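Following: one structure in structure tokens, then a few remarks.
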Amino acid sequence: MTRHIRNLEAFDMLVDTIRNIDNSATSRRGFHMIYSAENADTSDHPCGTACCIGGWASVLTGFHAARPGKALMDMAGISFVDAGSICYPDDSGFSERSGWNATPEQAVSLLLHYRETGIVDWDRAMGVEA
Numbered sequence: 078m079t080r081h082i083r084n085l086e087a088f089d090m091l092v093d094t095i096r097n098i099d100n101s102a103t104s105r106r107g108f109h110m111i112y113s114a115e116n117a118d119t120s121d122h123p124c125g126t127a128c129c130i131g132g133w134a135s136v137l138t139g140f141h142a143a144r145p146g147k148a149l150m151d152m153a154g155i156s157f158v159d160a161g162s163i164c165y166p167d168d169s170g171f172s173e174r175s176g177w178n179a180t181p182e183q184a185v186s187l188l189l190h191y192r193e194t195g196i197v198d199w200d201r202a203m204g205v206e207a
């Protein structure tokens with residue numbers, strides 16, 4: 078049961094988008110959990126950077142939310158706390174390995190685990206043994 082996600086269709090669209098990202102060095106769009114607008118030197122996204130999970134939520138909703146966590150919260154209908162834990166890995170309570178270095182595959186793993194359990198577990202997504 079996915080009561081923690083009110084818009085499952087939008088959430089699944091986000092997962093599919095991240096799963097299919099061209100994250101190669103030559104791609105003008107990509108995925109990265111830490112690029113900020115100050116690093117606007119490599120991307121065709123309106124912010125000029127590769128997008129994180131929340132950034133892709135913002136892209137898919139037409140950039141209606143200024144903050145990645147807000148975009149994810151609005152798009153998928155998840156809680157403020159969960160959106161923050163997904164978009165800001167160091168705030169999630171899991172600290173052995175930072176999700177800031179997540180690949181698209183690890184981000185998808187995080188999102189699918191969250192979809193099934195309602196738990197944001199960056200350590201699991203990053204392959205850290207408990």
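Note that the working numbering has the sequence shown beginning at 78, numbered continuously upward. Note that beta-carbon positions come from the ideal geometry of N, C-alpha and C, so glycine has one too. These numbers come from a predicted model, not from an experiment.
| Query | Result |
| --- | --- |
| Is it the case that the Cβ atoms of Ala179 and Met110 are separated by a distance below 8 Å? | yes |
| With distances taken Cα to Cα, identify the nearest neighbour of Thr138 among Arg201, Trp177, Phe88. | Phe88 |
| How is Cys128 classed by DSSP in three states: helix, strand or coil? | strand |
| With the cut-off set at 8 Å, would you say Arg83 and Val185 are in Cβ contact? | no |
| One question on the structure: do Ala134 and Leu85 come within less than 8 Å of each other, judged by their Cβ atoms? | no |
| In angstroms, rounded to a whole number, what distance separates the CA positions of Val197 and Ser162? | 7 Å |
| Tell me, please, which residues DSSP counts as bridged to Phe108. | Cys128 |
| Does DSSP put Ser162 in a helix, in a strand, or in coil? | helix |
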